[in-house]
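Take 2 as the starting number for the sequence shown in the working numbering and just add one per residue. Every residue gets a Cβ at the ideal spot worked out from N, C-alpha and C, and that includes glycine. Reading through the structure tokens given below for one structure.
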Amino acid sequence: MGKPDEYYYDYLDDNGRFADQMNGALFQGEQVVSPDELEAVDAQLVYLGREAGGRKNFKATVDKARMWKGNLVHIMLVEHQTYVDYQMVLRNMLSESLSYHKRWKQKKAFHESRKDLPAGIDAFFSGVGKDEKFVPVITLVVYCGTEHPWDGAVCLHDLLEVDERVKPLVTNYKLNLYDCHGHDTFDEYHTGLWQLFEAVRYGQDKEQMKRIMEENREAYDNIDSATREVLEVIAKVKIPKECKVMKNGEKRFEMCKAFEDYRLEGKEEGKLEGMQEHLIQMVCKKLMKNKAARTIADELEEELSEVEKIIEAQKRVGNYDAGQICAALTR
């Protein structure tokens, strides 16, 4: 499997899902954004510059982006499982600031080519006219952690050690953060994002997940191929090919059957253990070559957190026996 963010951003290539993500996370399910109002822009907006003194280049990269009614919308994914980016507030501030700076440079260059700002006036030195406006930038951070809720900063003030008397003078910056752990229901979504966030939220509580799927069986037994992929990569919900059905000429997957076979009846348990042991063997071979965890994760195209868990278990076991390491992981 590739990286979760790659699958997620491919998933949001569909304007219907992109709009659904915005409506669900930013407008509490109100259908404010229509898919046909979204315009494609570069997936990654990168600004290259230099620090003072010109010694070092820097850049900021954002992820999935669309233009909506004159607003530039970024959607950034925080890696699933245990990863919370504790400097996400700073990362967002930087990317948005550089996005505005980039657009100021474009306006300035336009005026210079037109020579329409007379020398000596304020607009000439500013590079833009008094009444010129910029495209607003909206950044949404989506946290898909399967281990625990978001426990990082949600605004700049959270990151600062500041005297309360001074705090009102310090400009604050807040995240637009969507953490599915902060929600009990997901009926504000109308695409496969509903099933994705529900699986992330309740995936480790099989009885609760069973109840949810039974109550919404029609939706959970009508999973499209793209949703199946993000469920497997981000929520770690396995939906075997055997659960494929054809409905109205389209390929669909019955998630309820997959859940019953794997979670409740344990029919897939032996197969999954075999797959896990195979991964452990591959990791051990690379450990014996003194390769670092991140290198191993990249070479095997596995999540770094999964590789690190195997390495920790191997250290506890004290040898490279895949069976013993597998057992240690389940304890």
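Quiz item: What separation, rounded to the nearest whole angstrom, lies between the Cα atoms of I352 and V163?
Solution: Within the shown structure, residues of the chain are numbered from 2 to 332, placing residue 352 beyond reach of any answer.
Quiz prompt | Spatial distance of K248 from K242 (CA atoms) | solution = 15 Å
Quiz prompt | Sequence-distant residues of the same chain with beta carbon closer than 8 Å to E251, five excluded per side | solution = D225
Practice problem: Select from A227, H182, K258, H191 the residue whose C-alpha is nearest the C-alpha of R218. | Solution: K258
Practice problem: Return the bridge partner residues of R317 from the DSSP annotation. | Solution: Looking at the DSSP assignment, R317 forms no beta bridge with any residue, so it has no partner.
Quiz item: Can you list, in chain order, the residues of its chain whose CB lies under 8 Å from that of Q177, leaving out five sequence neighbours each side?
Solution: The identity of residue 177 in the sequence shown is Asn, whereas the question assumes Gln. So the qualifying residues of the chain are A26, L27, I139, T140, L141, V142.
Quiz item: What number of angstroms, rounded off, separates the C-alpha of L157 from the C-alpha of M94?
Solution: 9 Å
Self-check item: Simplified DSSP assignment, three categories, for M89
Solution: helix
Practice problem: Kindly confirm or deny that the region 62 to 78 and the region 10 to 27 touch, where touching means at least three C-beta pairs closer than 8 Å. | Solution: yes
Practice problem: For C156, name the three-state secondary structure that DSSP assigns. | Solution: strand
Quiz prompt | As assigned by DSSP and simplified to three states, the class of L118 | solution = coil
Quiz item: Can you tell me whether DSSP reads Y190 as helix, strand or coil?
Solution: coil
Exercise. Spell out the partners DSSP gives R212 in its beta bridges.
Key: Paired residues: none, contrary to the question.
Practice problem: List the endpoints of the continuous alpha helix (DSSP H) containing L170. | Solution: Element bounds for L170: n/a, residue is neither H nor E.
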